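Participant:
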Amino acid sequence: TQINKNAALHPLWQSELSVSGGTRQSPINIQWRDSVYDPHLKPLKIHYDPTTCLYIWNNGYSFQVEFDDSADKSVIMGGPLENHYRLKQFHFHWGAINEWGSEHMVDSKVYPAELHLVHWNPVTSTSFEDAVMENNGLVVIGVFLKLGAHHAGLQKLVDALPAVRHKDAIVEFDVFDPSCLMPSCPDYWTYDGSLTTPPLTESVTWIIKKTPIEVDQNQLEEFRMLLFTSAGEEEKRMVDNFRPLQPLMNRTVRSSFR
Ligand SMILES: NS(=O)(=O)c1ccc(B(O)O)cc1
Ligand SMILES: [Zn+2]
């Protein structure tokens, strides 16, 4: 398998080679012209219950908002999916500057940040942890962030970031509807891939939204004030927490739009 040229990006991935024998690793560069329109792809249906939001925490490589996934309250279905999937958490990846930060790219265009909404299949798995190891146990929706207008929905998240500045910090985050982070355009690409951080398991159906959401400079800069490090340690700013591009190998990216 291809050895990542710039794997020495971040301690988390420093020792990383492409998962030995990995044939469906993520992220990838989506070549628009090579994607294949699939008329059988249905519209994605999203029903998030804002009261299932639990807390926000700094896990040492991103900030993450966790949801109560003990019932089918916040679910997605349709699109390329055969059944419904439960929302477990969402998090972001971003750069030190606006010139890079996203994990996926579109025709080699990189965005300053990327949102991942992580869901698991309660029909074939009994828990998220099981689903991580299951073929197609997970669905991650990727949404690109671009520099532009202030995002009022995101600001509620941004206002909580100072409280989770250090690794392992956690703060209650009671009512939040992540649908507000979804672009209104229904168009997406979909392909079979993997987690982009260890364990890098090849269990993810990726759904990448074509249209980015806009956030402003101050909001991006708040992301960059988070720390990889715990309280008391020498401070390391949490930036560039994205994985290098992985080879497409024998995969086709399908599009829901012509
Ligand atoms: N970055 S990602 O969405 O591929 C992802 C999601 C979940 C986990 B995990 O729960 O370990 C790791 C990476
Ligand atoms: Zn991610």
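When we follow my numbering, the leftmost residue of the sequence shown carries the number 21, and every step to the right adds one.
All C-beta atoms, glycine included, are put in the ideal place defined by N, C-alpha and C.
Since we're looking at a predicted model, the values are computed, not measured.
1. Please find out if some non-hydrogen atom of ligand 2 comes closer than 7 Å to the beta-carbon of HIS124.
2. Could you tell me how far apart the beta carbons of VAL160 and LEU137 are, in whole angstroms, since I believe they sit closer than 8 Å?
3. Helix, strand or coil for LYS108? Go by DSSP, reduced to three states.
4. Looking only at its chain, what residues have a beta carbon closer than 6 Å to the beta carbon of THR272, apart from the 5 residues adjacent to it on each side?
5. Whose C-beta lies closer than 6 Å to the C-beta of ASP58 among residues of the same chain, with five residues either side of it excluded?
6. Heavy atom of ligand 2 less than 7 Å from the Cβ of THR216, yes or no?
7. Taking 7 Å as the line, does the beta carbon of HIS113 fall inside it for any heavy atom of ligand 2?
8. I want to check one thing, is the minimum distance from the CB of HIS139 to the heavy atoms of ligand 1 below 7 Å?
9. What would DSSP say about SER122, mapped onto helix, strand or coil?
10. Below 8 Å, how does it come out for the segment 184–196 and the segment 261–272: are there three or more Cβ pairs, yes or no?
11. Using 8 Å as the threshold, is the segment 207–223 in touch with the segment 233–248, meaning 3 or more CB pairs across them?
12. Taking all protein chains shown into account, decide if GLU86 is buried (16 or more other Cβ within 10 angstroms of its Cβ) or exposed.
13. Using the beta-carbon count (16 or more within 10 Å), is GLN281 buried or exposed?
14. Determine, using beta carbons only, whether GLN266 and SER46 come nearer to each other than 8 Å.
15. If the criterion is Cβ atoms closer than 8 Å, does the pair GLU134 and HIS104 meet it?
16. Nearer than 7 Å: is that true of the beta carbon of PRO219 relative to any heavy atom of ligand 1?
17. Mind pulling the beta strand (DSSP E) runs of 3 or more residues that sit fully within the segment 194–241?
18. Is the separation between the beta-carbon of LEU107 and that of ASP89 shorter than 8 Å?
19. Quick one: is the Cβ of VAL160 within less than 7 Å of any heavy atom of ligand 1?
20. Sorted by chain position, which residues of the same chain lie with C-beta nearer than 8 Å to LYS166's C-beta, five sequence neighbours on each side aside?
21. For the structure I just gave you, are there three or more beta carbon pairs, one from the segment 181–188 and one from the segment 69–83, closer than 8 Å?
22. Looking at ligand 2, does it come within less than 7 Å of HIS186, judged from the CB to the closest heavy atom?
23. Straight-line CA distance for ASP69 to MET97?
24. Just how far apart, CA to CA, sit SER128 and ASN49?
Facilitator: Answer, in terms of the structure:
1. no
2. Distance from VAL160 to LEU137 at the Cβ level is roughly 7 Å; contact confirmed, criterion being Cβ atoms closer than 8 Å.
3. strand
4. Cβ neighbours of THR272 within its own chain (closer than 6 Å, five residues either side excluded): VAL56.
5. Closer than 6 Å at the Cβ level, and outside the excluded window around ASP58, lie ARG274.
6. yes
7. yes
8. Exclusion of HIS139 from the 7 Å shell around ligand 1 follows from its C-beta lying no nearer than that to any non-hydrogen atom of the ligand.
9. When secondary structure is reduced to three states using DSSP, SER122 falls in the coil class, being assigned neither helix nor strand.
10. no
11. no
12. buried
13. Lying before the first or after the last residue shown, residue 281 is absent from the chain, which here runs from 21 to 278.
14. In terms of Cβ geometry, GLN266 and SER46 form a close pair [threshold 8 Å].
15. no
16. Yes, the Cβ of PRO219 comes within 7 Å of a heavy atom of ligand 1.
17. 208–213, 224–229, 233–235
18. Against a cut-off of 8 Å, the Cβ pair of ASP89 and LEU107 comes out as a contact.
19. yes
20. Excluding residues within five positions, the ones whose Cβ falls inside 8 Å are TYR131, PRO132, PRO232, ILE233, GLU234, VAL235.
21. yes
22. With a cutoff of 7 Å, HIS186 does not count as near ligand 2, since its C-beta is closer than that to no heavy atom of the ligand.
23. 14 Å
24. 6 Å
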